[in-house]
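Residue numbers (our numbering), protein chains in the order written: chain X, 16 to 249; chain G, 16 to 249. Glycine included, every Cβ here is placed at the ideal spot set by N, Cα and C. If you're wondering where the values come from, they're calculated on a predicted model, not measured in any experiment.
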DNA sequence: GCAAAAGTGTTATCGCTACACCCATGC
DNA sequence: GCATGGGTGTAGCGATAACACTTTTGC
């Protein structure tokens, strides 16, 4: 590639967004929203939502804004994934992309914005994307699957309240294997981060399950990285 | 802070470099090289080695070059740590820093470059650094300590060959606790990544220990992040 | 009653920790 | 021999996996 002399390095922020939605057969799987590129280079190809970093906006704020304008949703979980900076990622220009990954709530995601230039696709059957975005999505998927053990991730797909079966289903979809209901229950309860709401979900032809809420108040953020102050969201 | 209109975001690459060197009492601990800032802002303060990203250089290459010019050494381990991008990290300008962390070999580090503007300090007694670099070092230390379990990290501090006692000492320094020699031996050997060289180290008033070499050839990079090729795992 | 999922109990197994003990060397 | 760390054996403990079993609902 050739660079104009004195051309600066440009800095972009992109976000890999995950939500659980039913596939064609009705089984929930991971989905990701993409946006169509409306200008060169790679015009017409699908790409991760993102844009140039504005001079007055923090990285994470830019990722959250991107996410909101693409999906209409607020992230339940937002974390920096990696910064991609090979010289030839984009033709003509040198672009460094700080990439975030986010989880959004499934039921809300079902009614998320769509349009001719926004499209949700199953995360494991991505079409050909612009630039190196296929590689980025694969890496984000890997991080999601290895990190879901750290528990609060699964909760980010759900609403404020949920049953243990719903929580287990999230784990099963992300990890792509079945989990023993009995052992899952004990492991989750032993973590001490689930609070009973006192309610039960009725209507199904079986014993009504207890409804839980996630522990948010106390010193729950133990497995998270320190970073001395706050964090994005949990 | 005020930003000039149209002022671009500037992109820097910095590196937190770790090596094991003896402290004043002769016990090896983690050390980090710092460089003195020779221009504004924050002139005179110590800071992480780094610089602006050249338009034709990949991020990791820039980190490796920085490391070489600061220490005269080549990294045994080099990995992206995090990208820091708050709006007010630097006065006057908007600077986003892609930070790498590196491990260099201890015996070589002992004879590393020094000068009036380069200084090694113990990693847990950092002086006040420029910008947000103290926070960055703390985060790098945390990553080192949590990730050393993934094994090849400890090896990066040592030379090509080493005894199990030397390897264990690295772990003990990084983790800041004693490890049971018997259990450490079994765990390491069970990992399958240590190869006997057939040699032994003699000279000490006790049974001469076997000398090992680290497995580099085969599919050893299993715990490393995938980056598209092979398997997620772990 | 029946089906289905919630929820409980029990056992086997694996991995890790603690610690006792033997081995080979320099002096 | 003695001291010192290299190296081996093994019992206990805690976490997890597997799976049998009981409970409570809708129909």
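Query	Result
Proximity winner among G:29, G:24 and G:23, relative to residue 149 of chain G (alpha-carbon distances)	G:29
Contacts of residue 73 of chain G in chain X (Cβ-Cβ under 7 Å)	100, 101 and 102
Cutoff 7 Å: residue 109 of chain X Cβ touching any chain G Cβ	yes
Three or more C-beta pairs below 8 Å linking the region 109-116 of chain G and the region 125-138 of chain G	no
Sequence-distant residues of its chain with Cβ nearer than 8 Å to residue 43 of chain X (five each side left out)	35, 36, 37, 121, 184 and 188
Cα-Cα separation, residue 158 of chain G to residue 101 of chain G	20 Å
Through-space distance from residue 202 of chain G to residue 207 of chain X, alpha-carbon basis	31 Å
Residue burial classification, residue 46 of chain G (beta-carbon count within 10 angstroms, cutoff 16)	buried
Backbone secondary structure at residue 248 of chain X - three-state DSSP	Unreliable placement is indicated for residue 248 of chain X, whose pLDDT of 30 sits below 50; no coordinate value is reported for it.
Minimum Cβ-Cβ distance from residue 204 of chain X to chain G less than 7 Å	no
C-beta contact flag for residue 61 of chain X and residue 144 of chain X at 7 Å	yes
Identity of the residues DSSP links to residue 43 of chain G by a beta bridge	G:37
Residue 118 of chain G vs residue 172 of chain G beta-carbon contact at 7 Å	yes
CB contact flag (residue 104 of chain G, residue 49 of chain G, <7 Å)	no
Distance between residue 114 of chain X and residue 154 of chain X (C-alpha atoms, nearest Å)	11 Å
Check whether residue 194 of chain G and residue 186 of chain G have beta carbons under 7 Å apart	yes
Distance between residue 170 of chain X and residue 91 of chain X (C-alpha atoms, nearest Å)	9 Å
Interface partners of residue 223 of chain X on chain G, CB under 9 Å	Result: empty, since nearest Cβ-Cβ is about 37 Å, beyond 9 Å.
Beta-carbon contacts of residue 72 of chain G that lie in its chain and below 7 Å, excluding the five residues immediately before and after	none
Residue span of the alpha helix (DSSP H) that contains residue 152 of chain X, given as start and end	148-162
Residue 31 of chain X beta carbon less than 7 Å from that of residue 129 of chain X	no
Exposure of residue 55 of chain G, with buried meaning 16 or more beta-carbon neighbours within 10 Å	exposed
Same chain, Cβ closer than 7 Å to residue 142 of chain X, five either side skipped, listed in chain order	61 and 136
Any chain X beta carbon closer than 7 Å to residue 68 of chain G	yes
Contained beta strand (DSSP E) runs [length at least 3] in the region 90-114 of chain G, N- to C-terminal order	92-99
Counterpart residues of residue 171 of chain G in DSSP-defined beta bridges	Residue 171 of chain G is not bridged to any residue.
Cβ-based burial, residue 27 of chain G [other Cβ within 10 Å; buried from 16]	buried
Cross-chain neighbours of residue 2 of chain G in chain X, by beta carbon under 7 Å	A query on residue 2 of chain G cannot be resolved here, the shown segment of chain G reaching from 16 to 249 and no further.
Residue 106 of chain G at chain X interface by Cβ criterion, 7 Å	no
Chain G contact for residue 246 of chain X (CB, 7 Å cutoff)	Its pLDDT being 31, under 50, residue 246 of chain X is placed unreliably in this model, and the value from its coordinates should be taken loosely. False, the Cβ-Cβ gap to chain G never drops below 7 Å.
8 Å CB neighbourhood of residue 58 of chain X in its chain, flanking five on each side removed	52
Buried/exposed call for residue 24 of chain X, threshold 16 Cβ in 10 Å	buried
Three-state class that DSSP yields for residue 133 of chain G in the structure shown	strand
Reduced DSSP category for residue 204 of chain X - H, G, I as helix; E, B as strand; rest coil	helix
Test item: CB-CB of residue 226 of chain G and residue 219 of chain G under 7 Å	no
Residue 212 of chain G - containing beta strand (DSSP E), residue span	209-215
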